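In the working numbering, the protein residues as written are 5 to 249.
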């Protein structure tokens with residue numbers, strides 16, 4: 005594996021933050037290390053706000069979401085106001101095979117995912133899901149997002165609490181009833197079997213390498229779509245896992 009793994013081009017301190025610090029990772033707001041190319045917004049699906057979205061208790065909460073290659077998913081949520089950290093990693097499988105090479109085989113049960121720590125007083129779990137369905141991923145393609153193929157690129161939601169599970173299931177049912185897409189929604193709500201942070205070179209990839217061709221073509225349009233569709237939730241300075249710049 006290299007610092008830029010091959011991807012096809014076309015198609016207060018919480019316990020969680022202490023764990024990040026122990027692993028050498030701590031969230032911070034950072035500028036991009038290179039000029040970000042100007043791109044048009046990617047597809048925006050005008051999805052309704054969740055009808056079921058009760059406030060979560062506490063100063064922080066955690067969400068785990070999979071929406072294809074984690075570079076772009078992380079990159080979008082790093083720009084959401086109220087998000088304290090967004091870490092790329094693996095969900096849905098076992099610890100012993102939670103590494104890029106094994107997960108890339110598509111046989112471990114993992115999905116490339118992002119663990120989002122956020123302030124529920126600033127952004128709700130339902131809003132994070134709304135952003136996901138509106139600009140992050142296509143929920144109608146099975147085991148495929150953009151140019152990437154395989155079960156590791158499936159769209160999935162891994163609730164961290166029973167309340168999150170109820171919100172996610174209710175929202176998917178709401179979106180199906182609204183017929184927001186012509187094709188059926190295949191995004192699944194899966195049991196959270198644990199989250200395993202990805203290798204360091206995957207973290208903050210979009211922020212560190214905004215001119216990387218895969219990022220320019222597939223992921224920067226999603227960040228721009230976030231800015232256009234959710235201006236009240238957009239934070240210009242991304243929160244990063246490692247200090248940058």
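A virtual CB, placed ideally from N, CA and C, is assigned to each residue, including glycine.
Predicted model, so just to flag it, every value in this text is computed and none were measured.
Legend entry - Beta-carbon gap between residue 167 and residue 54 smaller than 8 Å: Contact flag unset, no.
Inset, instruction - For the segment 99 to 107 and the segment 126 to 134, state whether three or more C-beta atom pairs, one from each stretch, are separated by less than 8 Å. - result: At 8 Å Cβ cutoff, the stretches do not touch.
Inset, instruction - Using a threshold of 8 Å, state whether the C-beta atoms of residue 297 and residue 159 are closer than that. - result: As shown, the chain starts at 5 and ends at 249. That puts residue 297 outside it, with no answer to give.
Legend entry - For residue 116, three-class secondary structure by DSSP: Strand.
Inset, instruction - Determine the contact status of residue 113 and residue 154, defining contact as a CB-CB distance below 8 Å. - result: No. Outside cutoff.
Inset, instruction - Taking 8 Å as the threshold, find out whether the segment 178 to 194 comes into contact with the segment 212 to 222 through three or more Cβ pairs. - result: The answer is no - the segment 212 to 222 does not touch the segment 178 to 194, with fewer than three Cβ pairs under 8 Å.
Legend entry - Cβ-Cβ separation, residue 149 to residue 97 (assumed contact under 8 Å), whole Å: In fact, because the Cβ distance is near 18 Å, the residues do not count as touching under 8 Å.
Inset, instruction - Identify the continuous alpha helix (DSSP H) that holds residue 233 and give its terminal residues. - result: Where residue 233 is concerned, the enclosing alpha helix (DSSP H) stretches over 224 to 233.
Inset, instruction - Can you say whether residue 289 is buried or exposed, counting buried as having 16 or more other CB atoms within 10 angstroms of its CB? - result: Any property of residue 289 remains undetermined from this structure, which presents the chain solely from 5 to 249.
Legend entry - Helix, strand or coil at residue 129 according to DSSP, with G and I counted as helix: Residue 129 carries a helical assignment under DSSP once its states are collapsed to helix, strand and coil.
Inset, instruction - Run the CB neighbour count on residue 42, radius 10 Å, all protein chains shown included, and call it buried at 16 or more, exposed below. - result: With fewer than 16 other Cβ atoms within 10 Å, it is exposed.
Legend entry - Pair within 8 Å by beta-carbon distance, residue 194 and residue 162: Residue 162 sits close to residue 194, with the two beta carbons spaced by under 8 Å.
Legend entry - In chain order, each beta strand (DSSP E) run of at least 3 residues that lies wholly inside the segment 41 to 117: Given a length threshold of 3 residues, each whole run of the beta strand (DSSP E) inside the segment 41 to 117 is given here in chain order: 65 to 71 and 87 to 95.
Inset, instruction - Could you round the C-beta distance between residue 174 and residue 56 to whole angstroms and report it? I think they count as a contact, below 8 Å. - result: At roughly 4 Å, the Cβ-Cβ gap stays under 8 Å, so residue 174 and residue 56 are in contact.
Legend entry - Boundaries (first-last residue) of the alpha helix (DSSP H) holding residue 174: Its alpha helix (DSSP H) spans residues 166 to 182.
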